[in-house]
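See structure below.
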Amino acid sequence: MHYNTGYHGEAVPLVRRFVQTFRDAEAVCVPSASCVAMMREHYELMAERENDPAFLADVRSLLPRVFEFSELLVNRLNLEDVGAHFADTVTYHPSCHSLRMLHVGDAPRKLLRAVRGLTLIELPNQEQCCGFGGTFAVKNADVSAAMLTAKDACVIETGANVVTALDNSCLMQIYGGLHRAGSAVRTMHLAEILASEAPQ
Amino acid sequence: MSVRVGKTATAPTFPIAAHNALANRQLRANVARATNTIRSKRALRVEEMPDWQALRQSASDIKSHTLAHLDHYLTKFERNCERAGGKVHWARDADEANTIAIDLIRHYGGTEVIKVKTMTSDEVQMNVALEAAGITPIETDLADMIVQMGHDEPSHIVVPALHKNRFEIAEIFRRTMNLPDLTDTPADLAAAARAYLRDRFLRVKIGISGANFAIAETGAICVVESEGNGRMCVTMPDVLISLVGVEKVIPTFQDLEVFLQLLPRSATGERMNPYTSLWTGVTPHHQAQDGPRAFHIILLDNGRTAQLLDERERETLACIRCGACLNACPVYRETGGLAYGSIYSGPIGAILSPQLQNLEHSRSLPYASTLCGACYEVCPVKINIPETLIHLRGRIVREDQKTLGGIFSAENLAMQIAAKAFLNHRSYEAAQRLARMGQRIFERDGQLTNLPGMAGGWTQYRDLRPIPKSSFRDWWKSREKESRS
């Protein structure tokens, strides 16, 4: 949030804190593609600007161990079927950063297709941004809402009961618009769907 | 020196202009229709290119090499252009460029000029300057003509009248061409424009153009267009004046091979545009059947060389004005181009307009993006627009933080508090507890629907779930405790 809004100096202590906390982890699983994109695109640059070789070395050593949730399952653990059961219709919104910065590709769809009972419906015009964009949502609330209206119209068009994504931020935006419009479509992070089990 | 970019100095901020644009349903329908058409054509023409990514890389390499050695290539261009009979003029800013043009037109005794589409002349507001000097500029590009006749502003780099549909265009033609019975069928509109323009092409002795490329190796200028009006403007008049931004220079003729594959596909979704005009100097007088007898080039800086200093900002100068980023941008597609308050609109405008003016104007533009990355994905010269937007936001924040108003702005205070709260888990959890208590008074039927301050921008259009009683961290802790017991 700080870095993307232009508060570059303020972001550095937060990066240091993150690196310090996770330095020794074998793998870091992040349930937000946007956060992973921030780390991969900017952490190194920020550390370079700090002129702190130890910090830079830590960043470089940690980054290859950071995984977005679906990346970790499909690419690192070679897992597509996690044994989940979710009997409902679902549409998937490929969030901008998962799509264009992380290039997660088909990983989330592979996971969804393996879920028992789940019907996946493709979202029309899916590559279009939902309009959140961090502080953009309040600085340019009118435009953000117009983009959201377009996105939610596509979600409703699918007839799916659930919309999922790799970013809770996008889902918060999509939910906010759907709920305001009186729609009963639910928003769930992919992890929530994969954690669902068959009723006993 | 005073850098000026169109009417940015008096334009409202983006959020205000966008608010008004969003209320204009006709405008939004026109923009959506036009951008959808160009986008799908572009996708088709890019898909069929197996080496598209390699071409993008080549273009990016050529541009970054040229910009790193701009002094060399510009003087080389000057030498070769003058050897072929052209005359090169150097303009530091908008006023200098306009003064040079006016002096030249007066020298040749002209009172009117025909113009082929040039964004750069809009950048320096050349038409305003010419009119003030008693010279009549006549736009001959169909879209620019519509904009000029309608006393409007261009809303797209490639398709300036994209915000108008044919019914609105017919109305403008009826009024300004005095053709009360003109229908709004495309054929009739084209015929009216043709008759109007043909008369001017044959009559006016001075032409003004821009350039897509200026080739250092040969001193040639290249203009890429669709209608043929450009070909008319650069061949019919006796005098040709070309206004060219210094970043338009490329080293060799062969470099066109790369750019002429990328530009039409990116701009209009065509494999090749209908007219590509290249001209070098003048034809010797005794053989002159056509082509200008005098050729002047005005090389324009207007803030560009200052941009060379910073590596990130320098990259913006690689832009070949294809407009693909506008068509791809979800913000542009909702608001159209006029909301940007600059003749350079969309994602490229959001970084170019503020940079040219060293952030003096257009300060709201770097925020007119969700950083979704659609612009970067389609850019034929690989300008990392999202990264540049973030860079400019950083410059703006650092400048603002030097003023009292900036320090005590609601945004800065919120960011400082958040930076402290996020710094360790105790302060983070304390902030969560505080928010949980505070949100109670705003909760209606399990939703937050009317929050105060900046958060009101959120609830104006969207509901928000309250922060749950138990957080992920609480759940994680209790889970660990359970597994231990």
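Line by line, the protein sequences are chains X and U.
Counting in the working numbering, the first sequence runs from -16 upward without gaps.
Counting in the working numbering, the second sequence runs from 684 upward without gaps.
Every residue gets a Cβ at the ideal spot worked out from N, C-alpha and C, and that includes glycine.
Residues of the stretch 1098 to 1128 of chain U with a Cβ closer than 8 Å to any Cβ of chain X, in chain order: M1098, Q1099, A1101, A1102, F1105, L1106 and N1107. Cβ-Cβ distances below 8 Å link U:S741 to V941 in the same chain, with the five nearest sequence neighbours on each side left out; the list follows chain order.
Taking the C-beta atoms as reference points, X:F52 is found nearer than 8 Å to X:A174. Cβ-Cβ separation between U:A1001 and U:L750: approximately 7 Å, consistent with a contact (criterion under 8 Å). U:G769 is bridged by DSSP to U:F978. Among the CB atoms of chain X, none fall inside 8 Å of the CB of U:V1061. Under the three-state reduction of DSSP output, X:H(-9) falls in the helix class. In this structure, U:L872 places its C-beta atom within 8 Å of the C-beta atom of U:A853. From the beta-carbon of U:E1017, the residues of chain X found nearer than 7 Å are V126, A129 and M130. For X:F50, no Cβ of chain U is located within less than 8 Å of the residue's own Cβ.
DSSP places X:F38 in the helix class (H, G or I) of the three-state scheme. Where U:L923 is concerned, the enclosing beta strand (DSSP E) starts and stops at V922 to G928.
Proximity to U:S1052 across X:Y26, X:F119, X:V13 and X:R23 peaks at X:F119, based on C-alpha coordinates.
A direct Cα-to-Cα measurement between U:Q1040 and U:A777 gives close to 12 Å.
Nearest C-alpha to X:N58 among X:I139, X:Q156, X:A40 and X:A90: X:A90. Residues of the stretch 7 to 36 of chain X whose Cβ lies closer than 7 Å to any Cβ of chain U: none. Chain X places a beta carbon closer than 8 Å to that of U:C1055, counting this residue as a contact.
Judged by beta-carbon spacing, U:I1068 lies within the 8 Å limit of U:Y1059, meaning their Cβ atoms are closer than that value. Straight-line spacing of the CA atoms in U:I1079 and U:P863 works out to 51 Å.
For U:R739, the closest Cβ of chain X is not nearer than 8 Å. Check the Cα spacing between U:W1141 and each of X:A181, X:M155 and X:G165: the tightest is with X:M155. Under DSSP, U:K798 forms a beta bridge with U:E822 and U:I891. Between U:G1056 and X:C79, the C-beta spacing is below 8 Å. The Cβ of U:V729 sits no closer than 8 Å to any Cβ of chain X. When the five nearest sequence neighbours on each side are left out, the beta carbons in the same chain lying within less than 7 Å of the beta carbon of X:F5 are those of V11 and L45, in order along the chain. Contact note: X:L(-3) reaches chain U through A1102, F1105 and L1106, using a C-beta cutoff of 9 Å and chain order. Of the candidates U:T693, U:A706, U:A875 and U:P837, the residue whose Cα lies closest to the Cα of U:I1026 is U:P837.
Distance from the CA atom of X:A136 to the CA atom of X:Q109, rounded to whole angstroms, is 11 Å. For U:F1091, the nearest beta carbon of chain X is not closer than 8 Å to its own beta carbon. Residues of the stretch 1040 to 1051 of chain U with a C-beta atom less than 9 Å from some C-beta of chain X are S1047, P1049, Y1050 and A1051, listed in chain order. For the 8 Å CB-CB criterion, U:P843 and U:D827 form a contact.
By the neighbour-count criterion, in which a residue is buried when 16 or more other Cβ atoms sit within 10 angstroms of its Cβ, U:R877 is exposed. Annotated three-state conformation of U:E1043 is coil, per DSSP. In this structure, U:K931 sits near U:A897, with a CB-CB distance shorter than 8 Å. At the C-beta level, U:E953 and U:R728 come within 8 Å of one another. Contact annotation: the stretch 919 to 929 of chain U touches the stretch 798 to 812 of chain U, with at least three C-beta pairs closer than 8 Å.
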